[in-house]
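As given, the protein sequences belong to chains A and B, one line each in that order.
Here the first sequence stands for residues 21 to 150, numbered as in this note's numbering.
Here the second sequence stands for residues 13 to 37, numbered as in this note's numbering.
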Amino acid sequence: APVSPSSALPSYFMKGSIIQLADGELKRVEDLRTEDFLQSAEVSKELKIDSSTVERIDSSRTPDAVIIQFSVGEHKVQVCVEVLVEYPFFVFGQGWSSCCPDRTTQLLALSCAKLSVGDVCISLTLKSLR
Amino acid sequence: NVEPRSVPVFPWHSLVPFLAPTQSD
C-alpha cells in the first residue's frame, strides 16, 4: 500500500530554507543542484543515491494527493508513494519538480517544473542494502 | 539588545525521498 501523505509539507521545502550539505557547506533549497546531492552521498557512509524513474502518476482518493509509481535503482523495483500534488521531487539535471508546480510555488514559493512520466528523480537508499 | 534569531538548518538528506525497496533474497 502506498504511504499516506501528511497534511502539510515539511518546512525545509520553503524557499529560502538553509540546507547543509555533507561537507558542511550551506545552501538555500532553491539553489541546490544535482551535484550537491551526488557529492553529499559520496561523503556519506550510510546513504547512496538511487535513480527513481516515474512510471505512472495516478489520481488518489485522498484530496489533493496523487499516487506516483517509481522504478527504483538498477533492479527496477516498483515502489508506489502517495504524496500531495505540491510535493517537490528533485529530477536529475533539472531540479525541483512537482505534479502541480503552480501549487508548489503558491505554497512554498519554490520554483518547480512539471513532474512527468519518464523523469528520473533523486532518491536515497542505504549503502548496506544489497 | 536584540537577540539574534537562530535560523534552522536542515540536512541535505531530508529533502530526498527514501525509496528503499524491500529486498527479498
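Cβ atoms here follow ideal geometry from the backbone N, Cα and C, with glycine treated the same way.
| Item | Value |
| --- | --- |
| Beta carbon proximity, Phe112 (chain A) to chain B, threshold 7 Å | no |
| Environment of Asp43 (chain A) [buried if 16+ CB atoms lie within 10 Å] | exposed |
| Pairwise C-alpha distance: Val101 (chain A) and Val92 (chain A) | 12 Å |
| CA-to-CA distance, Glu15 (chain B) to Leu104 (chain A), given in whole angstroms | 37 Å |
| Chain A residues whose Cβ lies nearer than 9 Å to that of Ser26 (chain B) | Pro30, Tyr32, Ile39 |
| Of the residues A:Gln126, A:Leu127, A:Gly115, the one placed nearest Leu52 (chain A), counting alpha carbons only | A:Gly115 |
| Inter-residue spacing [alpha-carbon to alpha-carbon] between Val19 (chain B) and Ile38 (chain A) | 8 Å |
| Ser18 (chain B) in three-state terms, based on DSSP | coil |
| is_contact[Leu144 (chain A), chain B] using C-beta, thresh 7 Å | yes |
| Chain-order list of residues whose beta-carbon lies under 6 Å from that of Pro30 (chain A) (same chain, five-residue window excluded) | none |
| Chain-ordered chain B contacts of Leu58 (chain A) [CB-CB under 7 Å] | Those within 7 Å of Leu58 (chain A) in chain B number zero; the least Cβ separation is about 11 Å. |
| Backbone secondary structure at Arg53 (chain A) - three-state DSSP | coil |
| Delimiting residues of the beta strand (DSSP E) encompassing Gln40 (chain A) | 38–40 |
| Start-to-end residues for the beta strand (DSSP E) that takes in Asp70 (chain A) | 67–79 |
| Contact belief for Glu55 (chain A) with Ser131 (chain A) at Cβ below 8 Å, rounded distance in angstroms | The Cβ separation is near 19 Å, so there is no contact. |
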